[in-house]
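In my numbering, the protein residues as written are 4 to 507. Cβ atoms here follow ideal geometry from the backbone N, Cα and C, with glycine treated the same way. Computed from a predicted structure; not experimentally measured. See structure below.
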Amino acid sequence: MSFLPFPPWLPLVLFLSSLFIILKWKATTKRRKLNFPPSPPKLPIIGNLHQLGKLPHISLWRLSQLYGPIMSFSVGRIETITISSAQTARALLKTHDFQSCNRPQTHAIKKLTYNFLDIAFTPYSDYWREIRKICIHELFSIKRVLSYEPIREQEVGLLIESISQSASCGVVDLTEKCTAFTTGVIFRIAFGKPFKGDGFHELVSEAEALLGSYSAFEFFPIPFVGKVIDWFSGREARLEKVFNEMNVLFQEVIDEHLHPMRPKPKQDDIIDVLLAISKKQVKSCTVVITHENIKAILLNLFLAGIETSSITLVWAMAELAKNPTLMKKAQEEIRNHVGKRGKVTERDIEELPYLKMIVKETLRLHPPAPLLVPRETISNFKMEGYDFYPKTTVQVNVWAIGRDPICWKDPEEFLPERFAESSIDYKGLHFEFLPFGGGRRICPGLNMGVKTVDLALANLLYHFDWKLPEGMKEEDLDMEEKSGLSLTVHKKLPLELVPMLYHP
Numbered sequence: 004m005s006f007l008p009f010p011p012w013l014p015l016v017l018f019l020s021s022l023f024i025i026l027k028w029k030a031t032t033k034r035r036k037l038n039f040p041p042s043p044p045k046l047p048i049i050g051n052l053h054q055l056g057k058l059p060h061i062s063l064w065r066l067s068q069l070y071g072p073i074m075s076f077s078v079g080r081i082e083t084i085t086i087s088s089a090q091t092a093r094a095l096l097k098t099h100d101f102q103s104c105n106r107p108q109t110h111a112i113k114k115l116t117y118n119f120l121d122i123a124f125t126p127y128s129d130y131w132r133e134i135r136k137i138c139i140h141e142l143f144s145i146k147r148v149l150s151y152e153p154i155r156e157q158e159v160g161l162l163i164e165s166i167s168q169s170a171s172c173g174v175v176d177l178t179e180k181c182t183a184f185t186t187g188v189i190f191r192i193a194f195g196k197p198f199k200g201d202g203f204h205e206l207v208s209e210a211e212a213l214l215g216s217y218s219a220f221e222f223f224p225i226p227f228v229g230k231v232i233d234w235f236s237g238r239e240a241r242l243e244k245v246f247n248e249m250n251v252l253f254q255e256v257i258d259e260h261l262h263p264m265r266p267k268p269k270q271d272d273i274i275d276v277l278l279a280i281s282k283k284q285v286k287s288c289t290v291v292i293t294h295e296n297i298k299a300i301l302l303n304l305f306l307a308g309i310e311t312s313s314i315t316l317v318w319a320m321a322e323l324a325k326n327p328t329l330m331k332k333a334q335e336e337i338r339n340h341v342g343k344r345g346k347v348t349e350r351d352i353e354e355l356p357y358l359k360m361i362v363k364e365t366l367r368l369h370p371p372a373p374l375l376v377p378r379e380t381i382s383n384f385k386m387e388g389y390d391f392y393p394k395t396t397v398q399v400n401v402w403a404i405g406r407d408p409i410c411w412k413d414p415e416e417f418l419p420e421r422f423a424e425s426s427i428d429y430k431g432l433h434f435e436f437l438p439f440g441g442g443r444r445i446c447p448g449l450n451m452g453v454k455t456v457d458l459a460l461a462n463l464l465y466h467f468d469w470k471l472p473e474g475m476k477e478e479d480l481d482m483e484e485k486s487g488l489s490l491t492v493h494k495k496l497p498l499e500l501v502p503m504l505y506h507p
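Dropping the structure here:
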């Protein structure tokens, strides 16, 4: 009798498999000794993936009704804890802010940001301090945001002109118009030149989809199997394509800014600011911002700026179209204040309190990122009696908090007046209202985003009377959210309304 020889690699495979099983068993045994947040029942390999549904923030909210405002779940080997109440959000973002202020370093994040986030966003590293200082004092300071007022007003003018030209055709796709508008604003602020189209928005959407979804490499218990699946499924090719296209685009624009024959601009854009900072750092600082770092910052600017502002505009107009009495009240406020001047300027916005209430109510009911960008814990701590351990992903469900009847009366209703006598704001100090997050991870561009939305919405309401398409009633307007695992949530169907030009 003869036996086939063992393949030379078989002992190594058996050893690694045994080691993985032993380590997994030890980790599970250790966890059982601690008091971890409750979790829905899990399936082998996929964990709770089957329970996330088409709209994860809604599925997690429903599960939190059964398992509490601090709930754990797993997607493959990714352990996550969700926070679904104002009280627990306060505990996380205020009391335990530092212990949970890291970012999970997924394969997509590392690839698309040149590994920049891995070093720059590690809390209190030299790069963390430098980037935080640049964001707060240079890119998104009040002075810098105000300096871009002419760009916002010019782009709003182009938006109104575009809608006026389309009005003769009857129905206008406001979703498309608002997306083009916010892209134009961010493009000019970042690059210093008008937006030309050419598939750029599709490229940003693809990057967001990759960043907001799980890869098989991170999902499967055996990473090698996940890598093979990512390769065969085409995800790795998609990631490489997006990275290469973004890299080429950003490098071309940086090279244009460095060209010795480039005319001096009237106003510095984001790249001008970052290149000037980099030049100063070479002479006086141990931490230097490279071209790769600039590209990573630009990517974050586009991801955070384009989708969130356009989504808020669309939801605001959808809610007002569904509630014509509220729309009329807002239009009367704006038109009485502006009179016959022909447009709303940013100086007018402070005199339009009802408009600001509408924007707040839109952000409460339809936060653009219903699950805040995930955090990652960096040390052990206890919260509400539960153990949090390092390298755990934590997500705050601001959609659930914004609809919590403990915090809000009639939470499902669109009622801007609820903010009339309220000091609640979106700047991270009121934990029942966190559309931009809070703590060290609050969105640094919130002032720029809100100013863009305020100005555009005020002009849309000033210049046009809006009607639903013929034959449609308010109750027929679809308000369903678009499903998916991306960072932001859109209105499922495009918002189509009929504009009628208003003549003061």
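Local Cβ density within 10 Å of residue i, reported as buried at 16 or more and exposed below that
{"i": "Ile273", "result": "buried"}
{"i": "Trp234", "result": "exposed"}
{"i": "Asn383", "result": "exposed"}
{"i": "Asn462", "result": "buried"}
{"i": "His60", "result": "buried"}
{"i": "Ala123", "result": "Only weak support exists for where Ala123 lies, its pLDDT of 45 falling under 50; the value from the coordinates is given anyway. The residue in question, Ala123, is buried, as its Cβ has 16 or more Cβ neighbours within 10 Å."}
{"i": "Val341", "result": "buried"}
{"i": "Phe198", "result": "buried"}
{"i": "Leu438", "result": "Position check: residue 438 holds Pro in this sequence, whereas Leu was assumed. By the neighbour-count rule (16 or more Cβ atoms within 10 Å), Pro438 is buried."}
{"i": "Gly237", "result": "exposed"}
{"i": "Ile409", "result": "exposed"}
{"i": "Leu329", "result": "buried"}
{"i": "Arg378", "result": "buried"}
{"i": "Leu261", "result": "exposed"}
{"i": "Asp457", "result": "buried"}
Backbone secondary structure at residue i - three-state DSSP
{"i": "Arg80", "result": "coil"}
{"i": "Thr185", "result": "helix"}
{"i": "Glu387", "result": "coil"}
{"i": "Trp411", "result": "coil"}
{"i": "Arg378", "result": "strand"}
{"i": "Thr98", "result": "helix"}
{"i": "Val291", "result": "coil"}
{"i": "Ser42", "result": "coil"}
{"i": "Lys494", "result": "strand"}
{"i": "Pro373", "result": "coil"}
{"i": "Leu37", "result": "coil"}
{"i": "Thr328", "result": "helix"}
{"i": "Met4", "result": "Note on Met4: pLDDT 35, under 50, position unreliable in the model; the coordinate value appears next. Coil at Met4, not helix or strand."}
{"i": "Val276", "result": "helix"}
{"i": "Asn51", "result": "coil"}
{"i": "Val317", "result": "helix"}
{"i": "Met360", "result": "helix"}
{"i": "Met503", "result": "strand"}
{"i": "Met264", "result": "coil"}
{"i": "Asp121", "result": "Residue placement at Asp121 is poorly supported in this model, since its pLDDT is 45, which falls under 50; the coordinates are not used for a value here."}
{"i": "Thr85", "result": "strand"}
{"i": "Leu233", "result": "Before going on, a small fix: residue 233 reads as Asp here, not Leu. Asp233: helix per DSSP, three-state reduction."}
{"i": "Val347", "result": "coil"}
{"i": "Val174", "result": "coil"}
Contacting residues, own chain, Cβ-Cβ under 7 Å from residue i (five flanking each side not counted)
{"i": "Phe194", "result": "Val256, Asp272, Ile274"}
{"i": "Leu418", "result": "Glu364"}
{"i": "Ala307", "result": "Cys446, Gly448"}
{"i": "Leu368", "result": "Gly405, Phe417"}
{"i": "Phe143", "result": "Pro447, Gly448, Asn450, Met451"}
{"i": "Phe220", "result": "His110, Pro226, Gly229, Lys230, Asp233"}
{"i": "Lys244", "result": "none"}
{"i": "Thr455", "result": "Arg155, Thr185, Val188, Ser312"}
Other residues of its chain near residue i: CB distance less than 8 Å, five sequence neighbours each side excluded
{"i": "Arg338", "result": "Tyr465, Tyr505, Pro507"}
{"i": "Met249", "result": "Leu115, Leu206, Ala210, Lys298, Leu302"}
{"i": "Asp479", "result": "Leu471"}
Neighbourhood of residue i by C-beta distance below 6 Å, restricted to the same chain and skipping five residues each side
{"i": "Pro72", "result": "Ser87, Ser88, Thr91"}
{"i": "Phe9", "result": "Because Phe9 sits at a pLDDT of 42, beneath the cut-off of 50, its placement in the model cannot be relied upon, and the following sentence gives the value as read from the coordinates. The answer is none, since no qualifying residue turns up."}
{"i": "Val376", "result": "none"}
{"i": "Trp12", "result": "Any reading at Trp12 needs caution, since the residue's pLDDT is 47, under 50, leaving its predicted position unreliable; the model's value is listed next. Cβ within range, chain order: n/a, list empty."}
{"i": "Thr182", "result": "Ser313"}
{"i": "Glu82", "result": "Thr395"}
{"i": "Val492", "result": "Pro373, Glu484"}
{"i": "His204", "result": "Thr186"}
{"i": "Pro414", "result": "Arg406, Pro408"}
Proximity test, Cβ basis, 7 Å: residue i and chain C
{"i": "Ile84", "result": "The structure shown contains no chain C; it is built from a single protein chain."}
Worksheet item: Does the count of Cβ pairs from the segment 307-314 and the segment 366-376 closer than 8 Å reach three?
Response: yes
Discussion item. Between the segment 53-70 and the segment 348-360, can you find at least three pairs of beta-carbon atoms closer than 8 Å?
Written reply: no
Worksheet item: Where in the segment 385-472 do unbroken runs of the alpha helix (DSSP H), each at least 4 residues long, occur, reported from the N-terminal end onward?
Response: 401-405, 449-466
Fill in: Touch test, the segment 92-102 against the segment 426-443, Cβ-Cβ under 8 Å, three pairs minimum
yes
Worksheet item: Counting Cβ pairs, one atom from each stretch, are 3 or more of them under 8 Å apart for the segment 250-268 and the segment 177-189?
Response: no
Practice prompt. Would you be able to state if there are at least three C-beta pairs under 8 Å between the segment 157-174 and the segment 213-220?
Written response: no
Discussion item. With a threshold of 8 Å, are at least 3 pairs of Cβ atoms found where one atom belongs to the segment 137-155 and the other to the segment 426-436?
Written reply: no
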